[in-house]
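Those protein sequence lines, which keep their order, are chains A and B. With the first sequence counted from 1, adding 8 to any position gets you my numbering. With the second sequence counted from 1, adding 174 to any position gets you my numbering. The beta carbon of each residue, even a glycine, is placed where N, CA and C say it ideally should be. Since this is a predicted model, take the numbers as computed values, not measurements. Here is the structure we will look at, set down as structure tokens.
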Amino acid sequence: MAIPPLSLADCRVLIVDDNEFNRKSLSLVIRRAGITGIAFAENGQEGLAAVDRFRPDLVLLDVDMPVMNGLDMCRALRRTATHEALPVLFQTALDSDDEQVRCFEAGGNDFISKPIRPGECVARVRHQLERRKLFGDLAAFRERVQRELSHARAMQISLLPESRRLAEVAQRYGLTLDSHFQTSSELGGDFWGIYPLGDRRLAVLMIDFAGHGITAAINTFRLHTLIDRFPMQHVTPSQWLMQLNAALKDVLPTGQFATAFFGILDLATDTLTFAAAGSPNPVLGTPAAGGGARIRLLDSAGLVLGVSHRATYADQSHRLPRGGFLFLYSDALIECPGEQAGPIGQDAVPDLVREALAGDRQHPLRPMMEHFYARSRLPLGDDLTAVWIARRA
Amino acid sequence: MEFKKTATAEATELSLSGRLEFTDHDALRDIIGIVEQSGGKRFVLNLADLAFIDSAGLGMLLILQEEVESHGGALAVRGAAGDVKRSIDLARIGEIITIED
Chain A
9 MAIPPLSLAD CRVLIVDDNE FNRKSLSLVI RRAGITGIAF AENGQEGLAA
59 VDRFRPDLVL LDVDMPVMNG LDMCRALRRT ATHEALPVLF QTALDSDDEQ
109 VRCFEAGGND FISKPIRPGE CVARVRHQLE RRKLFGDLAA FRERVQRELS
159 HARAMQISLL PESRRLAEVA QRYGLTLDSH FQTSSELGGD FWGIYPLGDR
209 RLAVLMIDFA GHGITAAINT FRLHTLIDRF PMQHVTPSQW LMQLNAALKD
259 VLPTGQFATA FFGILDLATD TLTFAAAGSP NPVLGTPAAG GGARIRLLDS
309 AGLVLGVSHR ATYADQSHRL PRGGFLFLYS DALIECPGEQ AGPIGQDAVP
359 DLVREALAGD RQHPLRPMME HFYARSRLPL GDDLTAVWIA RRA
Chain B
175 MEFKKTATAE ATELSLSGRL EFTDHDALRD IIGIVEQSGG KRFVLNLADL
225 AFIDSAGLGM LLILQEEVES HGGALAVRGA AGDVKRSIDL ARIGEIITIE
275 D
């Protein structure tokens with residue numbers, strides 16, 4: 009980024025000095041350097057009022073003055089949040105070590121020597137003004153990026169199923185549907201969706217683009233436009249993933265890819281058929297004798313999406329009867345380190361699910377997320393998505 | 175992540191240690207520099223001392239594969255164990271990159 013040179017003509021300088029000769033000679037020196045916005049005050053108290061009125065970019069401040077001296081004025085400025093970063097240059101005899109220390113302790117940024125040496129004076133003033141402009145530019149840039157990121161985040165969240173729609177789908181198919189979505193650095197690479205396919209079937213998709221932040225988030229927008237291009241109605245999950253893989257391979261540069269789970273739940277045959285591309289192992293729960301649940305991790309190995317045109321995927325079918333559930337999650341759940349312990353890890357997920365079910369049989373995602381956030385180091389290093397899909401008994 | 179380089183007449187080998195993750199993009203640039211210097215030789219990434227790899231880290235392996243091949247060399251990944259091996263297997267990276275045990 010090219011930084012435009014500082015124009016001294018746009019800068020405002022306040023000179024605070026009780027000696028009229030000093031005020032005049034200082035203003036002469038800086039006026040000759042191009043600074044035209046100059047105001048004067050004769051002591052610290054007048055100086056503080058002038059700062060509020062004149063809004064200078066820099067203050068040239070004498071130390072010994074009646075009513076309020078320069079040190080007290082500088083301390084007062086530093087106590088005010090709006091003037092905390094206002095550059096203050098003290099005029100002092102350069103051979104007095106004690107006085108210089110006192111000036112720095114009061115919050116001064118630098119000194120100009122007394123008697124005034126014009127070259128040095130202008131150089132120091134210019135340096136402080138440039139520094140101030142750079143800080144200002146950076147702060148403005150940062151603010152703009154923050155604002156744009158939060159807009160983009162709202163857009164990204166709008167890609168995900170709304171809670172009202174989730175409630176409708178849950179009602180229509182006799183399901184309990186709970187979800188959680190949290191991005192690591194404003195924007196993330198996680199995406200999920202649920203798609204009704206007629207009265208007895210529905211599809212569920214979960215995707216995690218490698219990495220996070222802006223690049224990963226842009227990929228979720230790409231994905232969202234691709235999904236509509238491939239109807240889910242008359243293909244197997246593996247065929248659908250192959251179509252998506254080919255489309256992603258065409259647009260993703262090397263090194264970017266996505267893990268995926270795509271499943272179709274058939275309520276008439278109580279069957280979940282899915283294909284996976286390297287997503288974390290989904291958890292399948294089926295009702296067991298005695299009211300408990302049989303819980304197991306499903307194999308989800310598969311070449312990640314967007315890496316090779318030759319990738320093929322396999323379908324697996326599992327029984328998912330009434331009272332059963334499917335739990336999907338992104339890798340943050342098992343990879344984010346805890347405050348005291350390491351990450352949860354893939355193998356501990358079935359126990360995590362069991363504990364969550366013991367906490368809330370109907371909506372176990374709530375206690376599970378509470379447990380996760382209580383143990384994890386925050387902010388999370390990666391995006392977290394978790395989806396709980398249960399068939400009502 | 176940190177790495178150590180050993181070079182012979184036939185091959186360049188990098189031993190990676192620590193965690194290979196999202197925050198290691200600068201290290202990737204350094205490694206690509208080494209790939210460029212080593213020309214068309216065999217390039218081996220030894221992951222025996224690597225404790226963890228995330229999806230961004232797997233992406234870096236794919237980028238290195240392309241870099242090595244574009245310089246006329248061949249990449250092999252060796253020694254992955256534990257969680258690292260598990261991540262590589264889950265994502266089926268072995269379909270793209272030569273994995274040696």
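With contact defined as three or more Cβ pairs closer than 8 Å, the region 118-135 of chain A and the region 46-62 of chain A are not in contact. The beta carbon of E269/B falls within 8 Å of a beta carbon belonging to chain A, placing the residue at that interface.
Taking all protein chains in view, the Cβ of T272/B is surrounded by fewer than 16 other Cβ atoms within 10 Å, so the residue is classified as exposed.
DSSP, read as helix, strand or coil, puts K215/B in coil. A268/A is outside the set of residues whose beta carbon lies under 8 Å from a beta carbon in chain B. Residues G197, A224, N227 and A266 of the same chain have their beta carbon placed closer than 6 Å to that of F217/A, with the five preceding and five following residues left out of the count. Counting other Cβ atoms within 10 Å of its Cβ, K179/B stays below 16 and is therefore classed as exposed. Contact residues of the region 332-353 of chain A toward chain B are D339, E343, P351 and G353 (C-beta to C-beta distance below 9 Å).
Of I222/A, G263/A and E363/A, the smallest CA-CA separation from L232/B is found for G263/A. Leaving aside the five residues that flank R252/B on each side, the residues in its chain whose CB is nearer than 8 Å to its CB run, in chain order, V218, L219, N220, L221, A222, I273, E274 and D275.
For the region 243-272 of chain A, residues whose beta-carbon sits nearer than 8 Å to a beta-carbon of chain B comprise T262, G263, Q264, F265 and T267.
Between the alpha carbons of F199/A and S287/A lies a distance of about 12 Å. Between the C-alpha atoms of C82/A and L388/A there is a straight-line separation of about 41 Å. Any Cβ of chain B closer than 8 Å to the Cβ of D216/A would place that residue at the interface, and such an atom is present. The continuous stretches of beta strand (DSSP E) do not include Q354/A, and DSSP gives it neither H nor E. A contact between stretches requires three or more CB pairs, one per stretch, nearer than 8 Å, and the region 358-366 of chain A fails this requirement with the region 131-144 of chain A.
When Cβ-Cβ separations below 8 Å define contact, L183/A makes no contact with chain B.
The DSSP-derived three-state label of K141/A is helix.
Residues of the region 222-235 of chain A that bring their beta carbon within less than 7 Å of a beta carbon in chain B are absent altogether.
The shortest CA-to-CA distance from F98/A to any of A58/A, R140/A, E107/A and R150/A is the one to E107/A.
Using a Cβ distance threshold of 8 Å, H220/A and D390/A count as a contacting pair. In the DSSP assignment, F29/A falls within the alpha helix (DSSP H) that extends over E28 to R40.
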